[in-house]
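J.:
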Amino acid sequence: MKGAAARAEDSFLKSLDSLGRLERLDAVISRVQQVVRGLPLGRYRDVLHGLQIGHPLHPALVQIPMGAWFSAAVLDVVPGTGRSARLLVGVGVLSAAPAALAGWVDWAEQHEDQMRTGLVHAASIAAAVGLYARSWVHRGRGRMALGKAFGFAGLCAAGSGAMLGGHLAFRQAAGANKTQPVPHLLEEGWHPVGRVEDFPVGEAVRRELGEVALLVFREPGGRIHVLAERCSHLSGPLSGGEIADGCVECPWHGSVFRLSDGANVRGPATAPQPSFQVSVDADGTVHVRLPGAG
Numbered sequence: 001m002k003g004a005a006a007r008a009e010d011s012f013l014k015s016l017d018s019l020g021r022l023e024r025l026d027a028v029i030s031r032v033q034q035v036v037r038g039l040p041l042g043r044y045r046d047v048l049h050g051l052q053i054g055h056p057l058h059p060a061l062v063q064i065p066m067g068a069w070f071s072a073a074v075l076d077v078v079p080g081t082g083r084s085a086r087l088l089v090g091v092g093v094l095s096a097a098p099a100a101l102a103g104w105v106d107w108a109e110q111h112e113d114q115m116r117t118g119l120v121h122a123a124s125i126a127a128a129v130g131l132y133a134r135s136w137v138h139r140g141r142g143r144m145a146l147g148k149a150f151g152f153a154g155l156c157a158a159g160s161g162a163m164l165g166g167h168l169a170f171r172q173a174a175g176a177n178k179t180q181p182v183p184h185l186l187e188e189g190w191h192p193v194g195r196v197e198d199f200p201v202g203e204a205v206r207r208e209l210g211e212v213a214l215l216v217f218r219e220p221g222g223r224i225h226v227l228a229e230r231c232s233h234l235s236g237p238l239s240g241g242e243i244a245d246g247c248v249e250c251p252w253h254g255s256v257f258r259l260s261d262g263a264n265v266r267g268p269a270t271a272p273q274p275s276f277q278v279s280v281d282a283d284g285t286v287h288v289r290l291p292g293a294g
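Structure below.
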């Protein structure tokens with residue numbers, strides 16, 4: 001028999017997992033996703049995804065408002081620090097805007113269950129911003145007790161939102177590099193994947209090497225490129241994507257990778273595709289090797 005604490009823990013985790021099954025949110029999600037995808041961000045969309053730093057930008061940006069708000073809470077219990085606490089509350093409110101924008105841009109390119117949880121996460125943070133904005137106003141009018149009360153309420157809302165963000169990132173794996181396990185699933189050395197004639201010129205071919213799916217592409221000149229076939233963003237099938245200008249585009253969310261080395265040219269993916277070395281025997285057998293495997 002489980003104790004009360006264990007039952008409460010199970011109930012809590014089940015309630016978090018159930019957020020991803022709230023299909024009633026889908027109508028709202030569809031409209032918000034359309035708005036976010038329609039924002040005229042241009043090349044800054046990839047900046048907000050975190051393409052240049054190799055991982056999502058949103059988790060880094062949220063440290064500023066969360067740090068400011070937590071510091072304000074500490075100052076609220078220290079006499080004579082009201083002015084500094086109000087400054088930190090304002091910094092948190094203002095810095096929440098770019099963090100939220102980066103989060104929305106990532107959210108719009110996720111799976112349905114992740115977007116459902118993400119919407120609740122965003123609502124919690126929006127509540128925190130609203131509470132802190134009121135806290136800032138009341139503090140400015142000399143109503144310190146009321147300002148502190150709204151501040152602590154905002155911290156509770158922000159903390160709940162942060163917990164949901166952690167659930168989204170780690171339990172639902174939003175933003176994680178889906179190709180990270182690839183080197184650990186393969187043996188080191190060279191492995192045959194077929195003969196040259198098995199790979200028609202100009203066509204993406206899917207092959208399997210143990211537990212890892214491969215994308216094999218033979219150029220008109222004869223050069224063969226091999227990448228991990230599942231997209232690093234959310235495991236989309238690259239073999240079903242469009243190939244043009246030496247790159248392959250994921251059919252799910254539009255991430256673009258160079259065939260020559262797997263580098264990600266365009267997000268939302270922030271991690272490259274594992275790229276295999278290729279060798280062709282005299283009899284036409286194609287072998288591949290992933291550096292660092294095993």
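Yeah, the sequence shown ends on 294 if you go by the UniProt record's numbering, and it's all consecutive. Every residue gets a Cβ at the ideal spot worked out from N, C-alpha and C, and that includes glycine.
Leaving aside the five residues before and after LEU19 along the sequence, list all residues of the same chain whose C-beta is less than 7 Å from its C-beta, in chain order.
T.: Taking the sequence shown and counting its residues from 1, one reaches residue 19 at position 19. Result list for LEU19: ARG116, THR117 and VAL120, in chain order.
J.: Can you tell me whether PRO181 is helix, strand or coil according to DSSP?
T.: Residue 181 sits at position 181 when you count from the first residue of the sequence shown. Three-state DSSP puts PRO181 in coil, outside helix and strand.
J.: Taking only three categories from DSSP, how would you classify VAL265?
T.: Position 265 of the sequence shown, counted from the first residue, corresponds to residue 265. Three-state result, VAL265: strand.
J.: Checking 8 Å against the spacing of the C-beta atoms, do ARG223 and VAL286 come in under that value?
T.: Position 223 of the sequence shown, counted from the start, is the residue given in the question as residue 223. Position 286 of the sequence shown, counted from the start, is the residue given in the question as residue 286. Cβ distance not < 8 Å, so ARG223 and VAL286 don't count as in contact.
J.: First and last residue of the beta strand (DSSP E) that includes LEU209?
T.: By 1-based counting over the sequence shown, the position of residue 209 is 209. LEU209: member of the beta strand (DSSP E) spanning 204–209, first to last residue.
J.: Can you list, in chain order, the residues of its chain whose CB lies under 6 Å from that of ASP261, leaving out five sequence neighbours each side?
T.: By one-based count along the sequence shown, residue 261 stands at place 261. Taken in chain order, the residues that qualify are SER275.
J.: Are the Cβ atoms of SER239 and VAL205 separated by less than 8 Å?
T.: Along the sequence shown, read from residue 1 onward, the residue named residue 239 stands at position 239. Along the sequence shown, read from residue 1 onward, the residue named residue 205 stands at position 205. Yes. Within cutoff.
J.: Near ALA263, which residues of its chain fall below 6 Å by C-beta distance, leaving aside the five closest residues on each side in sequence?
T.: If you number the sequence shown from 1, residue 263 lands on position 263. If we look at ALA263 and ignore the five residues flanking it on each side, its Cβ neighbours are PRO272.
J.: From the DSSP output, in three-state form, read off ALA213 for me.
T.: Along the sequence shown, read from residue 1 onward, the residue named residue 213 stands at position 213. ALA213 falls in the strand class under three-state DSSP.
J.: Alpha helix (DSSP H) containing SER160: first to last residue?
T.: Counted from its first residue, the sequence shown places residue 160 at position 160. Per DSSP, SER160 belongs to the alpha helix (DSSP H) from 144–166.
J.: Comparing alpha-carbon positions, which option in GLY90, VAL35, SER84 and ASP113 lies nearest ARG24?
T.: Against the sequence shown, residue 24 aligns to sequence position 24. Taking only the C-alpha atoms, the option nearest ARG24 is ASP113.
J.: Give every residue of the same chain whose Cβ lies closer than 8 Å to the Cβ of GLU197, excluding the five residues on either side of it in the sequence, and list them in chain order.
T.: Here residue 197 refers to the residue found at position 197 of the sequence shown. For GLU197, where only same-chain residues beyond five positions count, the Cβ hits under 8 Å are GLY284.
J.: Starting from the Cα of LEU48, find the closest Cα among GLU242, LEU215, ALA97 and VAL201 and give me that residue.
T.: Here residue 48 corresponds to residue number 48 of the sequence shown, with the count starting at 1. Of the listed residues, the one whose Cα sits closest to LEU48 is ALA97.
J.: With a floor of 4 residues, list each alpha helix (DSSP H) that falls wholly inside the region 56–83, ordered by position along the chain.
T.: 58–61 and 63–75
J.: Along the chain, where does the alpha helix (DSSP H) that runs through ALA282 open and close?
T.: Here the question's residue 282 lines up with position 282 in the sequence shown. First-last for ALA282: undefined, no H or E at that position.
J.: Where GLN34 and SER11 are concerned, what is the direct C-alpha to C-alpha distance, given to the nearest angstrom?
T.: The count along the sequence shown starts at 1 and reaches residue 34 at position 34. The count along the sequence shown starts at 1 and reaches residue 11 at position 11. Each residue's alpha carbon lies about 34 Å from the other.
J.: Between LEU259 and HIS233, is the Cβ-Cβ spacing less than 8 Å?
T.: Along the sequence shown, one-based indexing puts residue 259 at 259. Along the sequence shown, one-based indexing puts residue 233 at 233. No, Cβ-Cβ distance for LEU259 and HIS233 is not below 8 Å.
J.: If we count the other Cβ atoms within 10 Å of its Cβ and call it buried at 16 or more, is ASP76 buried or exposed?
T.: Residue numbering aside, residue 76 sits at position 76 when the sequence shown is read from its first letter. By the 16-neighbour rule on beta-carbons within 10 angstroms, ASP76 is buried.
J.: Alpha carbon to alpha carbon, how far is GLU219 from HIS167? Give it in angstroms, no decimals.
T.: Here the question's residue 167 lines up with position 167 in the sequence shown. Here the question's residue 219 lines up with position 219 in the sequence shown. The alpha-carbon atoms of HIS167 and GLU219 are separated by roughly 43 Å.
J.: Pop quiz: SER255 and ALA269 are said to be a contact at Cβ under 8 Å. What is the actual Cβ separation, rounded to whole angstroms?
T.: The count along the sequence shown starts at 1 and reaches residue 255 at position 255. The count along the sequence shown starts at 1 and reaches residue 269 at position 269. Correct: roughly 4 Å between the Cβ atoms.
J.: Quick check on DSSP: helix, strand or coil for GLY90?
T.: Here the question's residue 90 lines up with position 90 in the sequence shown. It is helical.
J.: Out of VAL93, SER235, ARG266 and SER71, which one is the CA nearest neighbour of TYR44?
T.: The sequence position of residue 44 within the sequence shown is 44, counting from 1. For the set VAL93, SER235, ARG266 and SER71, the Cα lying nearest the Cα of TYR44 is the one of ARG266.
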